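Peer 1: These protein sequence lines are chains A and B, in that order.
First residue of the first sequence? That's 329 in the numbering used here, and the numbers climb one at a time after it.
First residue of the second sequence? That's 329 in the numbering used here, and the numbers climb one at a time after it.
Just so it is clear, CB atoms sit at the ideal spot from N, CA and C, and this is done for glycine as well.
Predicted model only: the values in this text are computed from it and were never measured.
There are 2 protein chains.
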Amino acid sequence: MISKKAKYAIVALVHLAKRPDNSPVVIREIAVAENIPQKFLEAILLDLRKAAILASRKGKGGGYYLLKSPKDINMADIMRLFDGPIALLPCVTHQYYERCEECKDEATCGIRDVFMKLRTVTVDLLKNASLAGIVDRETSLREVVKD
Amino acid sequence: MISKKAKYAIVALVHLAKRPDNSPVVIREIAVAENIPQKFLEAILLDLRKAAILASRKGKGGGYYLLKSPKDINMADIMRLFDGPIALLPCVTHQYYERCEECKDEATCGIRDVFMKLRTVTVDLLKNASLAGIVDRETSLREVVKD
DNA sequence: ACAAAGTCTATTGGATTAGTAGATTTAATA
DNA sequence: TATTAAATCTACTAATCCAATAGACTTTGT
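1. Per the DSSP calculation, Tyr393(B) is bridged to which residue(s)?
2. Hey, could you find the ends of the alpha helix (DSSP H) Glu370(A) is sitting in?
3. Alpha helix (DSSP H) containing Asp405(B): first to last residue?
4. Determine the contact status of Ile414(B) and Ala337(B), defining contact as a CB-CB distance below 8 Å.
5. Closer than 8 Å between beta carbons: that is the criterion. Which residues of the stretch 332–354 of chain B meet it against chain A?
6. Measure the Cβ-Cβ separation of Tyr424(B) and Leu344(B) and say whether it is below 8 Å.
7. Expressed to the nearest angstrom, what Euclidean distance is found between the alpha-carbon atoms of Ala340(A) and Asp464(B)?
8. So which residues of chain A does Lys445(B) contact, with C-beta pairs closer than 8 Å?
9. Tell me, which residues are paired with Ser458(B) by DSSP?
10. If you compare alpha carbons, which of Arg347(A), Asp452(A), Ile330(A) and Ser331(A) is closest to Thr467(A)?
11. Is the CB-CB distance between Leu395(B) and Ile381(B) below 8 Å?
12. What residue range does the alpha helix (DSSP H) around Tyr336(A) cover?
13. To the nearest angstrom, how far is it from the Cα of Phe410(B) to the Cα of Ala371(A)?
14. By how many angstroms is the C-alpha of Phe443(B) removed from the C-alpha of Met403(A)?
15. Is it a yes or a no for the stretch 445–454 of chain A touching the stretch 446–456 of chain B, going by three-plus beta-carbon pairs under 8 Å?
16. Listing by chain order, which chain B residues have their CB less than 7 Å from the CB of Leu376(A)?
17. What residue range is occupied by the uninterrupted alpha helix (DSSP H) comprising Ile358(B)?
18. Taking the C-alpha atoms as reference points, what is the distance between Glu429(A) and Lys332(B)?
19. Taking the beta carbon of Asp441(B) as the centre, do at least 16 other beta carbons fall within 10 Å, making it buried, or is it exposed?
20. I'd like the ranges of any alpha helix (DSSP H) spanning at least 4 consecutive residues and lying wholly in the stretch 419–467 of chain A.
21. Check whether chain A comes within 8 Å of Glu430(B), counting only Cβ atoms and requiring the distance to be less than that.
22. Looking at Val317(A): is its Cβ nearer than 8 Å to the Cβ of Gly391(A)?
23. What do you reckon, are the CB atoms on Ile401(B) and Gly438(A) nearer than 8 Å?
24. Less than 8 Å between CB atoms is the rule here; does Ile364(A) satisfy it with respect to chain B?
25. Are the CB atoms of Arg385(B) and Pro352(B) within a distance shorter than 8 Å?
26. With a threshold of 16 other CB atoms inside 10 Å of the CB of Val360(A), please say whether the residue is buried or exposed.
27. What would DSSP say about Leu469(A), mapped onto helix, strand or coil?
28. In its own chain, which residues sit with a C-beta less than 6 Å from the C-beta of Ala379(A), not counting the 5 before and 5 after it?
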């Protein structure tokens, strides 16, 4: 399961991506609109800012806004940022590789083989899931439901 | 990341599946051979027994052995047993479905859509990864390395 | 009877998760 | 320049989970 942090981050990003202009949005607006505990959200948005996905302005008229285009923000990056590696075994991650202590021969490990394949398809799918894609999908899903 | 419990479970099952006959194997043998803390492994094997994947015999000559054929034991079942749902969001699990509290409309949620697709491909891949497949894969990988 | 095996109950230290509280800093504007 | 609205920083906490250990108990074969 994804952490609440990662989930809230995605929800907040979608909220920001849905706005026509990219003007700053105050934390409270996002928190209220998306049912996210405000103080918790503050920490999350800060992380997104440190990761250069969001930018912020302090003081009156301030708030958070997207720094990158929605089509350049993907789920893989967000999930890695909050929950660490996407792979399910340390021996099949790219960035955080670590040998399994109990493993006798990595090269011929059939378990590793399975989880390597899984990692590949997962990262592939999440890399291709952009904020823009999600927003588009919501509008087209709404069309379908309306009918 | 998968839990140690799930990983040890898979390693232990592969150990059992590799044996030509299906005679009982004592916990210590598996623990020593696979570098798994014995006491920890005991609890794991007990869980596998309760799930009717392994059976056991007490006393001299006893131990654990597979109850099901290796081709009928798949990674999805093992992972669910130890780590719970495979899906990354509660709203896209089959067995443990739970609404996301912060979600406004599930039917048109673009986030849910992404994680639903991910769940489908993941479960599909893990369901098709049987113990038998893993053992086979190890033998054929060994062939390749030998050359 | 004895030894060899699994089984059960309890506990523990440490890490992680999901927050909360409150003081501080920065910027706009009246 | 005083006020206000906003983000930012530091610290703390309760609850849960993870990985493992300890020790007593039960069952079974010889």
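Peer 2: The short version:
1. Working through the second sequence from its first residue, we reach residue 393(B) at position 65. Paired residue(s): Ala383(B).
2. On the first sequence, position 42 is the one that residue 370(A) refers to. Where Glu370(A) is concerned, the enclosing alpha helix (DSSP H) stretches over Gln366 to Lys378.
3. For the purposes of this step, residue 405(B) is taken as the residue at position 77 of the second sequence. In the DSSP assignment, Asp405(B) falls within the unbroken alpha helix (DSSP H) covering Met403 to Asp411.
4. One-based indexing of the second sequence puts residue 414(B) at position 86. One-based indexing of the second sequence puts residue 337(B) at position 9. No, the pair does not count as a contact, with Cβ atoms beyond the cut-off.
5. Flagged, chain order: Lys335, Tyr336, Ile338, Val339 and Val342.
6. Counting from 1 along the second sequence, the entry for residue 424(B) is found at position 96. Counting from 1 along the second sequence, the entry for residue 344(B) is found at position 16. No, they are not a contact pair.
7. Position 12 of the first sequence, counted from the start, is the residue given in the question as residue 340(A). Position 136 of the second sequence, counted from the start, is the residue given in the question as residue 464(B). Taking the straight line from one Cα to the other gives about 46 Å.
8. Position 117 of the second sequence holds residue 445(B). The answer, in chain order, is Leu453.
9. Here residue 458(B) is taken as the residue at index 130 of the second sequence, counted from 1. DSSP lists Asn402(B) as the bridge partner or partners of Ser458(B).
10. If you number the first sequence from 1, residue 467(A) lands on position 139. Of the listed residues, the one whose Cα sits closest to Thr467(A) is Arg347(A).
11. Sequence index remark: in the second sequence, residue 395(B) carries index 67 (1-based). Sequence index remark: in the second sequence, residue 381(B) carries index 53 (1-based). In this structure, Ile381(B) lies closer than 8 Å to Leu395(B) by Cβ.
12. Counting from one through the first sequence, the residue named residue 336(A) turns up at place 8. Counting along the chain, the alpha helix (DSSP H) containing Tyr336(A) begins and ends at Lys332 to Lys346.
13. Counted from its first residue, the second sequence places residue 410(B) at position 82. Counted from its first residue, the first sequence places residue 371(A) at position 43. Distance from the CA of Phe410(B) to the CA of Ala371(A), rounded to the nearest whole angstrom, comes to 31 Å.
14. Position 75 of the first sequence holds residue 403(A). Position 115 of the second sequence holds residue 443(B). Answer to the nearest angstrom: the Cα atoms are 10 Å apart.
15. Touching, per the Cβ criterion.
16. One-based indexing of the first sequence puts residue 376(A) at position 48. Here the premise fails: no neighbours, minimum Cβ distance about 16 Å.
17. Residue mapping note: residue 358(B) aligns to position 30 of the second sequence, counting from 1. Annotation: the continuous alpha helix (DSSP H) that includes Ile358(B) extends over Ile355 to Glu362.
18. Position 101 of the first sequence, counting from 1, holds the residue named residue 429(A). Position 4 of the second sequence, counting from 1, holds the residue named residue 332(B). Taking C-alpha positions only, Glu429(A) is separated from Lys332(B) by approximately 11 Å.
19. Along the second sequence, read from residue 1 onward, the residue named residue 441(B) stands at position 113. Burial is judged here by how many other beta carbons sit within 10 angstroms of a residue's own beta carbon; Asp441(B) has at least 16 and is buried.
20. Runs found: 438–455.
21. Counting from 1 along the second sequence, the entry for residue 430(B) is found at position 102. Judged by the 8 Å Cβ criterion, Glu430(B) is in contact with chain A.
22. Within the shown structure, residues of chain A are numbered from 329 to 475, placing residue 317(A) beyond reach of any answer.
23. Start at 1 with the first residue of the second sequence, and residue 401(B) comes out as number 73. Start at 1 with the first residue of the first sequence, and residue 438(A) comes out as number 110. For Ile401(B) and Gly438(A), no; Cβs fall outside 8 Å.
24. By one-based count along the first sequence, residue 364(A) stands at place 36. Under the 8 Å criterion on CB atoms, Ile364(A) is classed as interfacial with respect to chain B.
25. The residue given as residue 352(B) occupies position 24 in the second sequence. The residue given as residue 385(B) occupies position 57 in the second sequence. Yes, the Cβ-Cβ distance between Pro352(B) and Arg385(B) is below 8 Å.
26. Taking the first residue of the first sequence as position 1, residue 360(A) is located at position 32. Classification for Val360(A): exposed.
27. Position 141 of the first sequence, counted from the start, is the residue given in the question as residue 469(A). In the structure shown, Leu469(A) falls within a helical segment according to DSSP collapsed to helix, strand and coil.
28. As a first step, residue 379(A) must be located in the first sequence, where it is residue number 51. Scanning its chain for C-beta atoms nearer than 6 Å, with the 5 sequence neighbours on each side dropped, one finds around Ala379(A) the residues Leu409, in chain order.
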